[in-house]
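The block underneath contains the structure these notes are about, expressed in structure tokens.
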Amino acid sequence: MNLKTVALAGGVGGAKLAHGLAQILPPENLTIIVNTGDDFEHLGLYISPDLDTVCYTLAGLANPVTGWGRIDESWNAAENIAKLGGQTWFRLGDRDLGTHLERSRRLQKGDSLSSITRDFCKVWGVEHRIIPMTDDPMPTIVNTVEMGELPFQEYFVHQRCEPTVKGFRFEGAESARPAMGVEAAINDADAVVICPSNPWVSIDPILAVTKLKSTCGIESTSKKKPIIALSPIIDGEAVKGPAAKMYKELGIQPSALAVAKHYKGLLDGFIFDQIDAEFETEIQNLGIKTMLIDSLMKDIKGRERVAKDVLKLLNTLL
Ligand code: GDP
Ligand code: CA
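Encoded structure:
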């Protein structure tokens with residue numbers, strides 16, 4: 006398949022489709038740009054949850070049960086930290102800690118997140134290019150009714166997404182530059198795929214990085230390359246995580262239609278689950294080409310199947 010593709014991805018949902026695409030597209034034809042709005046410092050270490058989920062997934066090192074962290078993990082360090090009275094709300098396994106220790110050491114000596122990611126991927130045998138959206142700090146802040154503004158992980162993990170969401174802020178978005186290779190990959194691509202990640206807190210931060218929208222051709226009138234998305238909302242629910250809850254709390258009925266509208270003006274094509282066929286006409290009326298599929302990616306076969314559908318729709322838009 007010689008379609009040059011860029012995929013925009015958050016963590017779990019993004020990693021599933023990216024993994025499927027990587028089964029089909031050769032390394033030179035797929036670049037995955039990953040959200041870093043979730044990044045934060047914990048136990049003195051730099052943690053990049055979405056980046057690690059995508060890298061571990063493509064490397065075959067991801068924990069299939071938790072959806073985060075590594076397979077064959079042990080928890081000696083975490084248990085010891087707990088005994089010593091330290092923080093335990095964000096769980097880090099022993100193997101995973103190795104990643105954070107070495108990444109933090111290299112960041113401290115001045116290496117960029119993108120170059121460290123490239124080096125780690127080489128060691129993990131990941132041939133497809135994975136790039137953080139920016140090397141600059143750009144933390145997502147969640148504004149909540151009950152607790153005011155919360156740093157993303159404070160909301161997502163510590164408070165278990167329980168506070169009612171009022172809005173989001175991507176701190177530093179105005180000055181954050183795309184990481185090295187991001188713009189080139191988009192300019193070079195035939196098409197852009199928005200993975201079925203959380204639109205509010207996984208994809209919107211990527212699109213908020215300065216200049217990234219215009220690089221995508223999204224804001225230019227003479228749009229050059231097709232952009233398609235796969236809905237993370239199936240039958241009004243998120244497969245995992247707070248996406249549907251966020252839509253509701255922001256006064257929007259969660260649905261495939263809501264996701265298509267979320268990306269309005271951006272999309273040429275939209276893939277969503279066949280269970281949501283009732284929305285097809287309304288989505289088409291937005292000027293978007295539609296494809297209905299079984300969009301649940303239960304295993305590696307499912308990921309590859311859905312990725313094939315994505316490429317099929319893209320091919321009709323070229
Ligand atoms: P996070 O950063 O780990 O929260 O993950 P993402 O933002 O990348 O993905 C979260 C979204 O993935 C959720 O809204 C889920 O509904 C969606 N998702 C997870 N698995 C699937 C799947 O198999 N199919 C589809 N269509 N969406 C999925
Ligand atoms: Ca995430």
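In case it helps, my numbering puts the sequence shown at residues 6 to 323. The C-beta atom is built at its ideal place from N, Cα and C for all residues, glycine as well.
By how many angstroms is the C-alpha of Thr41 removed from the C-alpha of Ile146? Cα-Cα distance, rounded: 12 angstroms.
Through-space distance from Ile232 to His24, alpha-carbon basis: Each residue's alpha carbon lies about 19 angstroms from the other.
Just verifying my parser: in three-state terms, what is the DSSP assignment at Phe95? In this structure, DSSP gives Phe95 a state outside helix and strand, which the three-state scheme calls coil.
Could you please give me the residues that DSSP links to Arg182 through a beta bridge? In the DSSP output, where bridge partners are listed per residue, Arg182 has none listed.
For Ser225, name the three-state secondary structure that DSSP assigns. Unreliable placement is indicated for Ser225, whose pLDDT of 48 sits below 50; the coordinate value is still reported in the next sentence. In the structure shown, Ser225 sits in coil (DSSP, three-state: anything other than H, G, I, E or B).
Contacting residues, own chain, Cβ-Cβ under 6 angstroms from Pro343 (five flanking each side not counted): Residue 343 is absent from the model: the chain starts at 6 and stops at 323.
On the DSSP bridge list, what partners appear for Val170? Per DSSP, Thr149.
Which residue wins for smallest C-alpha separation from Val170, given the options Tyr252, Asp304, Thr286, Arg108? Considering only alpha carbons, the answer is Tyr252.
Determine the closest residue to Lys250 out of Thr104, Pro168, Lys21, with distance taken between C-alpha atoms. Here the closest residue by C-alpha is Pro168.
Which residue from Leu56, Pro204, Gly49 puts its Cα closest to that of Gly91? Comparing Cα-Cα distances from Gly91 to each of Leu56, Pro204, Gly49, the minimum goes to Gly49.
Taking only runs of the beta strand (DSSP E) that begin and end inside the segment 193-277, which ones reach a length of at least 3 residues, in chain order? Entirely contained in the segment 193-277, the beta strand (DSSP E) runs reaching 3 residues are, in chain order, 196-199, 232-235.
Can you list the residues near ligand 2, meaning Cβ strictly closer than 5 angstroms to any non-hydrogen atom, in the order they appear in the chain? Here the list is Gly15, Gly16, Asp43, Asp55.
How far does the alpha helix (DSSP H) with His24 in it extend, from its first residue to its last? His24 -> alpha helix (DSSP H) spans 17-29.
Supposed contact pair Ala12 and Ile37 - C-beta distance, whole angstroms, cut 8 angstroms: The C-beta separation of Ile37 from Ala12 comes to about 5 angstroms, placing the pair in contact by the 8 angstroms criterion.
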